[in-house]
Amino acid sequence: MGRDRAGGAGVRCGHVPVSDTVTEGARGKRGLGKVVHAGREMVWGKGAVAGGLVFLSGAEARRDDTDEPAEGIAAQTELALERIKARLEEAGARLEDVVKLVWYLTDRDLEDEFYAARDGWLGRNAPSLLEERSYASTLLIVGLAKPDMLVEIDCIAYVGVDSRR
57 MGRDRAGGAG VRCGHVPVSD TVTEGARGKR GLGKVVHAGR EMVWGKGAVA GGLVFLSGAE
117 ARRDDTDEPA EGIAAQTELA LERIKARLEE AGARLEDVVK LVWYLTDRDL EDEFYAARDG
177 WLGRNAPSLL EERSYASTLL IVGLAKPDML VEIDCIAYVG VDSRR
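Under this note's numbering, the residues of the sequence shown are numbered 57 to 221, in order.
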């Protein structure tokens, strides 16, 4: 059983092996497979690769074992970023290939804690993104899929002309 950075049991990026999930679509679009939480397939997928770009579905911070959100904005931010990293790798991209991130926050009062968690994680995992900062928007929204969800992240990355890598 995995642990989140805050020490919570059962938190992993819960991905079904890519070979079991990657699907070829019409016109060269390649799906990245299913999202699974608490042993159930979610109604959304991980994203798709098309035209040299990776389009990830919103990365959620829900525990794979219970489908409940991780506790607190810092733990949710780090788990969502771990999902982004894992899904990009499944698509053949890296964090350094990111061209657009959209951060969805549900509470303005959590912004400072969110930015601290985000910047700490990026500093450890993708310092070039932290330095560049030409890629992101932060949106404050009314709510997410579950009431305790505080953050979700959308991501677009460049994977190259050969999007089958």
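From the three backbone atoms N, C-alpha and C, an ideal C-beta is built for every residue, glycine too.
G89 to E187 span [Cα, whole Å]: Just so you know, the alpha carbons of G89 and E187 end up roughly 31 Å apart.
Using the C-alpha atoms, what's the distance from A117 back to E167? Here the alpha carbons of A117 and E167 stand approximately 16 Å from one another.
Check the C-beta distance from R86 over to V99 and give it rounded, since I have them as a contact under 8 Å. The Cβ separation is near 20 Å, so there is no contact.
Per DSSP, the bridge partner or partners of F111: Answer is A104, I212, bridged to F111.
I'd like to check one pair, A149 with E208: are the Cβ atoms closer than 8 Å? Going by C-beta atoms, E208 is not nearer than 8 Å to A149.
Sequence-distant residues of its chain with Cβ nearer than 7 Å to G199 (five each side left out): Answer for G199: T162, listed in chain order.
Could you tell me how far apart the beta carbons of A115 and W159 are, in whole angstroms, since I believe they sit closer than 8 Å? Not confirmed; about 10 Å, so no contact.
Considering Cα atoms alone, identify which of P125, A147, F111 is closest to H93. Answer by Cα proximity: P125.
Residues in the same chain with beta-carbon distance under 7 Å from T194, minus the five sequence neighbours each way, listed in chain order, please. Cβ contact annotation for T194 (same chain, cutoff 7 Å, sequence separation greater than five): W159, L161, in chain order.
Could you compute how far the alpha carbon of V215 sits from the alpha carbon of R189? Separation of V215 and R189 (C-alpha to C-alpha, rounded to the nearest whole angstrom) is 19 Å.
Cβ distance (whole Å) where K102 is taken to contact R143 below 8 Å: About 5 Å; that satisfies the 8 Å criterion.
Consult DSSP for A182 and reduce its assignment to one of helix, strand or coil. Coil at A182, not helix or strand.
Under three-state DSSP, which class holds E97? If DSSP states are grouped into helix, strand and coil, E97 belongs with the strands.
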